[in-house]
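Using the working numbering, read the sequence shown as starting at 5 and increasing by one per residue.
For each residue, glycine too, the CB sits at the ideal point set by N, CA and C.
Shown next, in structure tokens, is the structure this report addresses.
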Amino acid sequence: MVTEAHIQIAPSVLAADFSNLGQQVREATEAGADLIHVDVMDGRFVPNISLGEVVVDAIRRSTHLPLNIHLMVAEPDQLLPSFIKAPTDQIIVHAEACTHLHRTVTLVKDQGNQVGVAINPGTPVSAVEEVLPLLDFVLVMTVNPGFGGQTFIPSALEKVKRLRRMIQEAGHGARIVVDGGVKADWTAQDSVRAGATVLVAGTAIFSPNEPVQQTMKTMRCCLSGLSAG
Ligand code: DX5
Ligand code: ZN
């Protein structure tokens, strides 16, 4: 059984104050974040451009935590060398962006890094089935990717449940990540009940009104007593 102690919180820096990014990452680290989620958007796979290699390097220098690097880019293979720079870097590619998903996943694994595959709300869980034995993570998008601050899509919870069953039945160890619209309310709680053990949260953690220490505490409180699945 997965208990709350095993639930990881991954603040997404997309919602941080970019004029103060290093400090925001340090605050999240000190507040007990487990991972730092970094959204790389290329303006092609998603209709937005966020940040690139130089900024990811700066984030890496601001924390000892693993970077959970979410590549929302059209051709991830070409960009992998720009984003895999530390043994702790975790790389997540989109199933929809990879023509040869098995090859892309293997390219990351060959570097010795943890790897995950993300699926959009319109993509079925079967898209990851054949590579599941290779994966450390499956990221279920709970909004359509490209922007922070969107509303959680409830039907994604059923996908999380189906994926959890698929992982259990196959006896694999991939963790389920939910990303998008996750707040310190039913969205986080039901995601955990459905089987997610990594919660990405941007606007719920980085707020102009409340310190990260407080928002992280609120998120942990909301998860207290829950166990996955
Ligand atoms: C959306 C990104 C998310 C985003 C989450 O495309 O992948 O990681 O930063 O932000 P919130 O938690 O604000 O929905
Ligand atoms: Zn993300």
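Whether residue i touches residue j by CB criterion (8 Å)
| i | j | result |
| --- | --- | --- |
| Leu203 | Ile13 | yes |
| Leu39 | Pro85 | no |
| Gly185 | Thr222 | no |
| Ile180 | Ala200 | yes |
| Leu143 | His74 | yes |
| Gly150 | Val50 | yes |
| Glu162 | Asn124 | no |
| Val129 | Met170 | yes |
| Val216 | Ala19 | no |
| Ile88 | Leu227 | no |
| Thr67 | Thr33 | yes |
| Leu41 | Val17 | This sequence places His at residue 41; Leu is not what is there. Yes, these two residues count as a Cβ contact at 8 Å. |
| Phe210 | Pro80 | no |
| Ala192 | Val164 | no |
| Val135 | His106 | yes |
| Asp46 | Ala78 | yes |
Residue(s) in a DSSP beta bridge with residue i
| i | result |
| --- | --- |
| Met145 | Asp183 |
| Val76 | Per the sequence presented here, residue 76 reads as Met, with Val not at that position. Beta-bridge pairing links Met76 to Met45. |
| Leu203 | Ile13 and Val182 |
| Ile40 | Leu71 |
| Ile53 | Asp46 |
Burial state of residue i, where buried means 16 or more other Cβ atoms lie within 10 Å
| i | result |
| --- | --- |
| Phe141 | buried |
| Asp183 | buried |
| Ala37 | buried |
| Ile53 | exposed |
| His104 | exposed |
| Cys225 | exposed |
| Ser23 | exposed |
| Ser159 | exposed |
| Asn72 | buried |
| Asp43 | buried |
| Gly280 | An answer regarding residue 280 cannot be provided, because it is not within the stretch 5 to 233 covered by the chain. |
| Ala188 | buried |
| Ala178 | buried |
Contact with chain C by residue i, beta-carbon distance below 8 Å
| i | result |
| --- | --- |
| Asp189 | Of the protein chains in the structure, only one exists, and it is not chain C. |
(request) Assess, as a yes-or-no matter, whether the stretch 119-128 is touched by the stretch 91-103 under the definition of 3 or more beta carbon pairs within less than 8 Å. (result) Per the Cβ contact rule, the stretch 91-103 is in contact with the stretch 119-128 (3 or more Cβ pairs under 8 Å).
(message) Measuring CB atoms only, is the stretch 52-63 touching the stretch 15-32, in the sense that at least three cross pairs come out at less than 8 Å?
(response) In this structure the stretch 52-63 touches the stretch 15-32; the number of beta carbon pairs closer than 8 Å is three or more.
(message) Please give the ranges of any alpha helix (DSSP H) in the stretch 69-133, keeping only runs that are unbroken, at least 4 residues long and fully inside the region.
(response) The qualifying runs are 80-87 and 105-114.
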